[in-house]
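Trainee: Top to bottom, those sequences are chains A and B.
Take 1 as the starting number for the first sequence in the UniProt record's numbering and just add one per residue.
Take 1 as the starting number for the second sequence in the UniProt record's numbering and just add one per residue.
Note that the Cβ used here is the ideal one computed from N, Cα and C, for glycine as well.
All values derive from a computational prediction rather than experimental measurement.
Okay, handing you the structure first.
Number of protein chains: 2
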Amino acid sequence: MMTESHVDRLTSQLRRMAAEFRIKPDERIREGEMAKRLSVSRTPLREALNRLVSEGYLTFTGGQGFFCRSLTPERIMDLYEARAAIECEAMRHAVSRASPAAIAQLADDLDRAEPLYERTTDRLALLEMDEAFHMALVRLSGNAELERMLENINGRIRYVRMMGLKMEDGRPGRMGAHRTILGALIARDQDLLLAELRAHIEMRKEDATQAVRDAFSHIYVQAG
Amino acid sequence: MMTESHVDRLTSQLRRMAAEFRIKPDERIREGEMAKRLSVSRTPLREALNRLVSEGYLTFTGGQGFFCRSLTPERIMDLYEARAAIECEAMRHAVSRASPAAIAQLADDLDRAEPLYERTTDRLALLEMDEAFHMALVRLSGNAELERMLENINGRIRYVRMMGLKMEDGRPGRMGAHRTILGALIARDQDLLLAELRAHIEMRKEDATQAVRDAFSHIYVQAG
DNA sequence: GCATTTCATTCTGTATACAGCACTAAATAT
DNA sequence: ATATTTAGTGCTGTATACAGAATGAAATGC
């Protein structure tokens, strides 16, 4: 693959900080302070911050600098809808383009992941498996742009999804839904596939918006 | 609105240069030369270039710098599919959310644009009217993220669309399609709306991929 | 007491300098 | 003649310095 540069790593680091609310929403980012904190100079820091502006994590106002965008419940809804748009479009094409071999591979991965899925108590691990499945699904469409967009969306809602993860009851349903979706894809049944996928995504939307409200209170409790 | 900064303008300028193929596909961007050409220093130039990396116009490789991404026919197809995904999802929600007043406003705009639409021979003006209609459509969904994404996609396929614009026969069909789409929205007929919109977008996909092939030959004829 | 203005401080915005790496081309060896 | 090495050149990557703008606090006027 391509050489990962220093700015790439810095961007990832800041992206994570923003997504985890380690940078407070609506807060002005003071470059000098942040640069010292991350042990880099302001020049590469600003390059990374500029990338995050284009990725939707930050805003930039001339003369004032960079601000962390807040994740309101409305924006979470927007992102979930965008996610549904991307994934459904991908499936619309995957149903005719995905090779049986690629689908079989994904089914295999699902089988191998299942025991871990049932056993683990690590929410992040659970989420990563879920994300990996959906990314693999989109990859079956052969559309690199849809892949890019989903990656962006996932990054932005990752920690909200994690907070919304209900360990008790969510797991069997989720795993079952993944199997149903894959089944519809194998059967090349577009209507069923799209219906199942959309329902699967919509189901989590409400959990997530509730989660972001909880998250907000957490943040402001921490901050005082 | 928010203060537009110097880097914002620089980003727009470079974005346009990339979209118009004034920066050659796969070409390495030499920062010193480009900085001199645009009469800025390398620091703000690199900030703008970093934004364009995140917007999908450029790539960045550590130790080598920035490269213009080439627009292959495959990527054009990908972008058109992504466009269909965004616009259809937007309509799916607009059908229940858009206020009658907002829809009436759009219908009015369409009426007032029609004479100009029939008369003008300026391809760019034509394209801008088309883009404005589709952006307004998506805005009816109330989803800011879908809006953002469509803006990005439009920027990247703008000049390819312009090349693919057929002045002779495309105009009446296009205008008619816009009216049909709006009619379905007014009737709150989701199925019809989505079908019409998707057909309208798909219809231009082939034109555009052909156009990008033409564009490529143009570029390489110029470059020698 | 409240608003307003002024001043000091701090931060942003950009140029520039320099170190180190990557590419090119010439030269040498096989 | 071709492949490989090596020196040279130019570019990227980052730190730093400095100018100008914005913010906040203190002081003054009403």
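Mapping DSSP to helix, strand and coil, what is A:Arg28?
Mentor: The DSSP-derived three-state label of A:Arg28 is strand.
Trainee: For residue 242 of chain B, does the three-state DSSP call read helix, strand or coil?
Mentor: With chain B covering 1 to 224 only, the question about residue 242 of chain B has no answer from this structure.
Trainee: Which one of B:Ile186, B:Glu47, B:Asn154 has the shortest CA to CA distance from B:Glu87?
Mentor: B:Asn154
Trainee: Which runs of the alpha helix (DSSP H) at least 4 residues long sit entirely within the segment 75 to 155 of chain A? Give them in chain order.
Mentor: 100 to 119, 123 to 139
Trainee: Could you give the distance in angstroms between the alpha-carbon of A:Arg51 and the alpha-carbon of B:Ser5?
Mentor: 15 Å
Trainee: How should B:Leu116 be labelled, buried or exposed, when 16 other C-beta atoms within 10 angstroms of its C-beta is the threshold for buried?
Mentor: exposed
Trainee: A:His93 versus chain B: which residues are under 7 Å apart at the beta carbon?
Mentor: Glu81
Trainee: Considering A:Leu52, what are the terminal residues of the alpha helix (DSSP H) in which it resides?
Mentor: 42 to 55
Trainee: Taking the C-alpha atoms as reference points, what is the distance between A:Arg42 and A:Ala98?
Mentor: 46 Å
Trainee: Please state whether the Cβ-Cβ distance between A:Leu127 and A:Leu71 is less than 9 Å.
Mentor: Contact check for A:Leu127 against A:Leu71 fails: the beta carbons are separated by 9 Å or more.
Trainee: Could you tell me which chain A residues have their CB closer than 7 Å to the CB of residue 228 of chain B, listed as they occur along the chain?
Mentor: Nothing about residue 228 of chain B can be read from this structure; chain B reaches only from 1 to 224.
Trainee: When you compare each of B:Arg37, B:Ser54, B:Leu45, B:Arg28 to B:Gly63 by their alpha carbons, which one comes out closest?
Mentor: Of the candidates B:Arg37, B:Ser54, B:Leu45, B:Arg28, the one whose C-alpha sits nearest the C-alpha of B:Gly63 is B:Arg28.
Trainee: Skipping 5 residues on each side, what residues in its chain have a beta carbon closer than 7 Å to that of A:Glu47?
Mentor: Beyond the five residues adjoining it in sequence on each side, A:Glu47 comes within less than 7 Å, by CB distance, of Val7 in the same chain, given in chain order.
Trainee: Can you check which of these residues, B:Arg179, B:Asp109, B:Ile157, B:Ala177, is closest to B:Glu20 by C-alpha distance?
Mentor: B:Ile157
Trainee: Would A:Asn143 count as contacting chain B if we go by Cβ distances under 9 Å?
Mentor: yes
Trainee: Helix, strand or coil for B:Thr59? Go by DSSP, reduced to three states.
Mentor: strand
Trainee: At least one CB of chain A closer than 9 Å to the CB of B:Asp214: is that the case?
Mentor: So no, B:Asp214 is outside the interface.
Trainee: Excluding sequence positions up to five away, which residues of its chain have a Cβ less than 8 Å from the Cβ of A:Asp111?
Mentor: none
Trainee: Between B:Leu52 and chain A, is the shortest Cβ-Cβ distance under 9 Å, so that the two count as touching?
Mentor: Yes - at least one Cβ of chain A is within 9 Å of the one on B:Leu52.
Trainee: Do B:Ala94 and A:Asp78 have their C-beta atoms within less than 9 Å of each other?
Mentor: no
Trainee: For the segment 177 to 185 of chain B and the segment 194 to 202 of chain B, state whether three or more C-beta atom pairs, one from each stretch, are separated by less than 8 Å.
Mentor: yes
Trainee: What residues are listed by DSSP as bridge partners for B:Gly65?
Mentor: B:Thr61
Trainee: Quick one: is A:Cys68 near chain B, going by C-beta distance under 9 Å?
Mentor: no
Trainee: Once DSSP output is grouped into helix, strand and coil, what is the label at residue 258 of chain B?
Mentor: Since the first and last residues shown for chain B are 1 and 224, residue 258 of chain B lies out of range.
Trainee: Suppose contacts are defined by Cβ-Cβ distances below 9 Å. Is B:Arg75 in contact with B:Leu58 by that definition?
Mentor: Taking 9 Å as the Cβ cut-off, B:Arg75 and B:Leu58 do not qualify as a contacting pair.
Trainee: Just how far apart, CA to CA, sit A:Pro25 and B:Gln190?
Mentor: 37 Å
Trainee: Rounded to the nearest angstrom, what separates A:Thr11 and A:Leu49 at their Cα positions?
Mentor: The alpha-carbon of A:Thr11 is positioned some 7 Å away from that of A:Leu49.
Trainee: Give the residues from the segment 178 to 211 of chain B that approach chain A closer than 7 Å (Cβ to any Cβ), ordered along the chain.
Mentor: none
Trainee: Just the C-alpha distance for B:Arg174 and B:Val53, rounded to the nearest angstrom, thanks.
Mentor: 33 Å
Trainee: Would you report the Cα separation of A:Gly142 and B:Tyr80, rounded to the nearest angstrom?
Mentor: For A:Gly142 and B:Tyr80, the distance between alpha carbons rounds to 13 Å.
Trainee: Measuring only between beta-carbons, confirm whether B:Glu4 sits less than 9 Å from chain A.
Mentor: Yes, B:Glu4 lies at the interface with chain A (some Cβ there is under 9 Å from its Cβ).
Trainee: Rank A:Met91, A:Ala125, A:Glu147, A:Arg119 by C-alpha distance to the C-alpha of A:Leu192 and give the top, closest one.
Mentor: A:Met91
Trainee: Residues of chain B with CB closer than 7 Å to the CB of A:Thr43, please, in chain order.
Mentor: Thr43
Trainee: Checking contacts by CB at 9 Å: is A:Met77 closer than that to chain B?
Mentor: yes
Trainee: Within 9 Å of any Cβ in chain A, is that where the Cβ of B:Ile23 sits?
Mentor: Using a CB distance cut-off of 9 Å, B:Ile23 does not count as an interface residue toward chain A.
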